[in-house]
Ligand SMILES: Cc1cc2nc3c(=O)[nH]c(=O)nc-3n(C[C@H](O)[C@H](O)[C@H](O)COP(=O)(O)O)c2cc1C
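Numbering (the numbering used here), first residue to last: 19 to 245.
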């Protein structure tokens, strides 16, 4: 499929058919994904594709704990934003169909351990190249050696008709996950990508901030012109 079409329709899929994704499909996805950029080309990323029902069930049970806490916080947060914001556009951006999105994500969470595959993305943090660790704020640069490859992986699956949802809530369960899956000390959990064939057709349009609100020319008051 066209690259731009894949990029515009690679959504967070909440509902999957039960049929398994063949190993060859994951293999092709990793084969393409590995060409993503990484600091110093140090190649810190590993993919562990989990299809074993008992292991997925356990991951699903753990996932529900932070998910329920997230829902509680998100629900009260959304109400606060709605009440406080006088900016209609900002409110729309944050809250477009929130109840429907949350309900779909909630049903996805309840079935987390039953989706066809949970791809645990692992990173050797010693092989990332963070350059912002002395700024007295949360470091973000190390992730840049990992997540472009994860997005490549999702796009390469999308190209083969496989849908995904990138999740990170289970990273809080890293010690338990590492024990369950026999992951060595030097690897950290970076993401849990749920993957499978979508129960519904891929969307034709995702809801995102418009370009003029996110790209600027020379200063942040000048939106990037479209031509
Ligand atoms: C860093 C990151 C973490 C995420 N974590 C979760 C998660 O734990 N659970 C979940 O259901 N979705 C998670 N998502 C998916 C987002 O909710 C989703 O990308 C966003 O709502 C846009 O959805 P759409 O592409 O279908 O429009 C995560 C996405 C990112 C990029």
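Using N, Cα and C, we set each Cβ at its ideal position, and we do this for glycine too.
Every value quoted in this text rests on a predicted model; they were computed, and no experiment measured them.
Bridge partner(s) assigned by DSSP for residue i
i           : result
residue 64  : 140
residue 206 : 141
residue 135 : 213
residue 30  : 182
Simplified DSSP assignment, three categories, for residue i
i           : result
residue 220 : coil
residue 54  : coil
residue 244 : coil
residue 235 : coil
residue 214 : strand
residue 184 : strand
residue 38  : coil
residue 82  : helix
residue 89  : helix
residue 200 : coil
residue 167 : helix
residue 228 : coil
residue 129 : coil
residue 153 : coil
residue 25  : helix
residue 147 : coil
residue 49  : helix
residue 115 : coil
residue 177 : helix
residue 124 : helix
residue 19  : coil
Close-in-space but distant-in-sequence residues of the same chain around residue i (CB under 7 angstroms, 5 per side omitted)
i           : result
residue 58  : 147
residue 125 : 32
Assumed close pair residue i, residue j - CB separation to whole angstroms, cut-off 8 angstroms
i           : j           : result
residue 181 : residue 214 : 7 angstroms
residue 64  : residue 140 : 4 angstroms
residue 67  : residue 135 : 6 angstroms
residue 199 : residue 138 : 7 angstroms
residue 195 : residue 186 : Their Cβ separation, rounded to whole angstroms, is 12 angstroms, which puts residue 195 and residue 186 out of contact at 8 angstroms.
residue 203 : residue 24  : The Cβ separation is near 36 angstroms, so there is no contact.
residue 77  : residue 188 : 6 angstroms
residue 249 : residue 217 : The chain is shown from 19 up to 245; residue 249 falls before or after that span and cannot be answered.
Spatial neighbours of residue i in its chain, beta-carbon cut-off 6 angstroms, leaving aside the 5 residues before and after
i           : result
residue 149 : 159
residue 51  : 167, 170, 171 and 174
residue 107 : Caution applies to residue 107, whose pLDDT of 43 falls short of 50 and renders its modelled position unreliable; the value that the coordinates give is listed next. Excluding positions up to five away in sequence, the list is empty.
residue 62  : 141, 142, 145, 146 and 163
residue 183 : 30, 31 and 212
residue 190 : 84
Spatial neighbours of residue i in its chain, beta-carbon cut-off 8 angstroms, leaving aside the 5 residues before and after
i           : result
residue 241 : 229, 230, 231, 233, 234 and 235
residue 53  : 170
beta-carbon residue i near ligand 3 non-hydrogen atom, thresh 6 angstroms
i           : result
residue 222 : The model on display carries ligand 1 but not ligand 3.
Within-7 angstroms CB hit, residue i to chain C
i          : result
residue 48 : Checking the listed chains, one finds no chain C in this structure; it contains a single protein chain.
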